[in-house]
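Number 0 in numbering that gives the first Met the number 0 belongs to position 1 of the sequence shown; there are no gaps in the numbering. Backbone N, C-alpha and C define an ideal beta-carbon position, used for all residues, glycine too.
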Amino acid sequence: MDRAEAQKALQACIADEQAYQFTSFSHRDAWELGHALVDACEKMGAPLAVEIEINHVIVFRYYPDGTGAYHEQWLRRKRNLVNLLEKSSQRAYYELEVNCEDQERDWRLPRSDYAACSGAFPIRIRGGSVIGVAAVSGLPDPGDQTALLNGLRAYFEAHS
């Protein structure tokens, strides 16, 4: 991917983060968003693990057959990145690409603990802070992000 394509993708990520902000977010909302994410993942025909975290506590977790500890580690690394940077893991990936930077060298974030790739999204209260993370794992880039955005879109359509 060249820098112009990465810049365009980065702008799309920023737009998604602006579009999918919450007025409030409870454990019940996490349950409903979790089910929207599971439905979106199932429609893609591949097993994807789904997690939602609020204030560093996992409040929704779904690991279908075909997922397990490997996906749990990816989810942890993606969540860590979103919690630290308060932006989607996909956005972080494109920022690295646009700036010709390396996650470990330039950001000092070890890949063993942080993953700048598709699949994790900040749960942001509109006009406020990030209070959690929604994440999926199971498809190669950009598949996780596609599933995640499909689930977010369905949730927001159902709650508008």
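Contacts around residue i, its chain only, beta-carbon distance under 6 Å, and the 5 residues preceding and following it disregarded
{"i": "Tyr113", "result": "Arg76, Asn79 and Leu80"}
{"i": "Tyr154", "result": "Leu32 and Ala35"}
Own chain residues within Cβ distance below 8 Å of residue i, not counting five before or after
{"i": "Leu147", "result": "Leu36, Ala39, Ser117, Gly118, Ala119, Phe120, Ala133, Ala134 and Val135"}
{"i": "Asp64", "result": "Pro46"}
{"i": "Glu16", "result": "Lys86, Ser87, Arg90, Phe120, Pro121 and Arg123"}
{"i": "Ser111", "result": "Arg76"}
Coarse secondary structure for residue i, derived from DSSP in three states
{"i": "Ala119", "result": "strand"}
{"i": "Gly127", "result": "coil"}
{"i": "Ala8", "result": "helix"}
{"i": "Ala3", "result": "helix"}
{"i": "Ala134", "result": "strand"}
{"i": "Gln17", "result": "helix"}
Range covered by the alpha helix (DSSP H) that runs through residue i
{"i": "Ala144", "result": "With the sequence shown as reference, residue 144 is identified as Gln, and Ala is not the correct amino acid for it. Start and end: Gly142 to Ala157."}
{"i": "Arg104", "result": "Gln102 to Trp106"}
7 Å Cβ shell around residue i - same chain, five flanking residues per side excluded
{"i": "Pro109", "result": "Glu103"}
{"i": "Ala115", "result": "Leu80, Ser88, Ala91, Tyr92, Leu95 and Gln102"}
{"i": "Leu74", "result": "Ala48, Glu50, Ala134 and Ser136"}
Exercise. In chain order, which continuous runs of the alpha helix (DSSP H) of length 4 or greater are located wholly inside the segment 22-93?
Worked result: 26-42 and 68-84
Exercise. Within the chosen definition, does the segment 89-99 reach the segment 40-53 through at least 3 CB pairs nearer than 8 Å?
Worked result: no
Exercise. Counting pairs of beta carbons, one from the segment 24-36 and one from the segment 145-159, are three or more of them closer than 8 Å?
Worked result: yes
Exercise. If you pair each beta-carbon of the segment 93-105 with each one of the segment 16-26, do three or more pairs fall below 8 Å?
Worked result: no
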